[in-house]
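Everything below concerns the one structure shown next.
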Amino acid sequence: MWRRQQGRFRPVGCGVEELRRCRREREAALRKARREQQLVSKRLLRDSALEEAEGVAAILGEAEIQQFLRLAQQGTEGKQREKALVHLRRGLQHLETQQTFIRLEGSMRTLIGLLTSNQALLQLEAARCLHELSHSEQPAVAEACLPATSYLLTYLSGHSSDFIELCLYTLGNLIVESEAVRRQLLPQGIVPALAACIQSPHMAVLEALGYALSQLLQANEAPEKIIPSILGSAIPRHVLRLLQPGPKLSPGVAVEFAWCLHYIICSQVNNALLITHGALSTLGLLLLDLAAAVQRTEDAGLELLACPVLRCLSNLLTEAAVEAVGGQIRFGDERVVAALFILLQFFLQKQPSLLPEGLWLLNNLTANSPSFCTSLLSLDLIEPLLQLLPVSNVVSVLVLTVLCNVAEKGPAYCQRLWPGPLLLSLLDTLAFSDTEVVGQSLELLQLLFLYQPEAAQAFLQQSGLQALERHEEEAQLQHRVRALRETALHG
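Structure follows, in structure tokens:
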């Protein structure tokens, strides 16, 4: 960031462009790390009350599995056949039974035969057996279910919402586990099938669909082989429709599809398309709605939706397409900033781990927007921002980065930052041992000294030079420490 010139340490040029460039490089690395973080999970549908009433399921051996399959296939009464599959399903809750089942020759073929029978109750119980297998911790078990996936896909066009929901969760479990499953389902039309399901009026089906879609979007090959097809379908428009705030918004559905949108945005395949569809406006309104909701309720579940919404907005705002296609958050900078601070206060009390998500969005809002920086100042939010500094090193770095965004906008902005509690807070951060926090503090002080000379005088009067001394020998900081001392002493 700094280089030697004529025996003295000074920032390159006026320092602002170099500071901005280095900060953007760091933020690009952070965005890449965030994009590579994935949430892979499996879902299991069980009737907990029924399970409790039936007691602990037993592990089944080969003979018992064969007996239950034979009864289910050849039993003389419908109840007897259904009961045999219930016993099998409960046994398949154990890994040992699952492994025995997939080793038995013909077992999966028999189960698929029951899945495709013309008796609805047998079909349902067979699907539940497959669902238990799909939830297995062993990849080999998921691979064994491969022959069943095309039938599960076909049943997504059925009439029973409960059956469709079960098929969706089962497919979601298998999709995330097995590339072979994905490779088979894509040419068979899973994307058109999901696009048809997304128009279902049943919230349970939509939530299951959101889960299955999110699993599909997390595949390693998704950016090249999956997401282009999804973007070419009606799915993105429906996803944004289901995220529209209002009385019809279902929290469970919104959470699933907000994560879907997050994975699509992180792929960077065609975010301009999402922006033209109104993604920024939809997400911004949802942010306002979440802020209003946390003021009305103590429900801690709100953070489940807040997290992906914040990530989606943050990542979309880094796109050049935001300006190119005229995409923007159109309902007032102050409203957005105020809503974000309401959420930050909520996170501070209820979910501190989400503070970096909110601050990352604030950083991206203020990075290239004087109007958002003005909102931050006009709403007197600098002091509440400074109060977050002690939370953690990660939070401190983001808070200081946001303040750098404001300071780099020029003298008028630095005048409004100064005077106030900022200097004392920065002197406190200089006592931190974390080099990234200290480095960001030095960067902010450099900007203040460049644009607001009296800040340098106040720094000297408050024993600022002594605060710098402890970092003089730190390899990552010493150049910036010397440059800052030079600026403070000589301007």
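In the numbering used here, the protein residues as written are 846 to 1336.
All C-beta atoms in this analysis are idealised placements derived from N, C-alpha and C, irrespective of residue type, glycine included.
Span of the alpha helix (DSSP H) around residue i
i, result
"R1180", "D1178 to K1195"
"Q1232", "That residue, Q1232, is in no alpha helix (DSSP H); it is neither H nor E in DSSP."
"F1277", "It is not in any alpha helix (DSSP H) - F1277 carries neither H nor E in the DSSP assignment."
"I1043", "From DSSP, I1043 is part of no alpha helix (DSSP H); its letter is neither H nor E."
"E941", "L940 to R948"
"P1153", "E1148 to L1161"
"H1324", "Q1323 to H1335"
"T1142", "Segment: none, T1142 is in no alpha helix (DSSP H) and carries neither H nor E."
"N1250", "N1238 to A1252"
"K924", "G923 to G936"
Length of the line joining the Cα atoms of residue i and residue j
i, j, result
"F1102", "I1071", "16 Å"
"L914", "C1105", "38 Å"
"E1253", "R1156", "25 Å"
"Q919", "S962", "12 Å"
"V1181", "R1086", "21 Å"
"L1243", "F1191", "18 Å"
"A1064", "V1026", "11 Å"
"L1199", "L949", "48 Å"
"V1090", "T1163", "The amino acid at residue 1090 is misidentified as Val; the sequence shows Pro. Between P1090 and T1163, the C-alpha separation is close to 24 Å."
"S1095", "D1134", "13 Å"
"E1066", "H980", "22 Å"
"G906", "R954", "18 Å"
"L1271", "C1042", "54 Å"
"Q1060", "V1021", "5 Å"
"V938", "L978", "It should be pointed out that residue 938 corresponds to Gln in this sequence rather than to Val. So the two alpha carbons sit approximately 8 Å from each other."
"V1251", "L1207", "11 Å"
"G1265", "N1209", "24 Å"
Contact set for residue i: own chain, Cβ-Cβ below 8 Å, skip 5 residues either direction
i, result
"L975", "L956, L960, C990, A993, L997 and T1015"
"E941", "I904"
"A1040", "S1078, A1079, I1080 and H1083"
"G1284", "Q1321, L1322 and R1325"
"Q1029", "L991, T994 and S995"
"Q1307", "L1268, L1269 and L1272"
Contacting residues, own chain, Cβ-Cβ under 7 Å from residue i (five flanking each side not counted)
i, result
"E927", "L966, L967 and E970"
"A929", "F913, L916, A917 and G920"
"G1203", "L1155, L1185, L1188, L1189 and F1192"
Reduced DSSP secondary structure (H/G/I, E/B, other) of residue i
i, result
"D1134", "helix"
"V1114", "coil"
"S1223", "helix"
"I1080", "helix"
"V885", "Residue placement at V885 is flagged as unreliable, the pLDDT there being 49, under the threshold of 50; the coordinate-derived value follows with that caveat. Reduced to three states, the DSSP call for V885 is coil."
"W1263", "coil"
"S981", "coil"
"I904", "coil"
"H1047", "coil"
"R1315", "coil"
"N1208", "helix"
Cutoff 6 Å; reference residue i; Cβ partners in own chain excluding five residues on either side
i, result
"W1263", "Q1297 and A1300"
"R880", "Residue confidence is low: R880 scores 43 on pLDDT, short of 50, so the model does not pin down where it sits. No coordinate-derived value is stated."
"L1287", "R1325 and L1329"
"R935", "A902"
Nearest-angstrom Cβ-Cβ length linking residue i and residue j, presumed shorter than 8 Å
i, j, result
"R973", "L1011", "7 Å"
"F1304", "L1289", "Contact doesn't hold; Cβ gap of about 11 Å is too wide."
"A1053", "L1013", "4 Å"
"A1057", "S1006", "A1057 to S1006, Cβ: 15 Å. No contact."
"F1294", "A1333", "6 Å"
"L1131", "L1088", "6 Å"
"E1179", "S1220", "5 Å"
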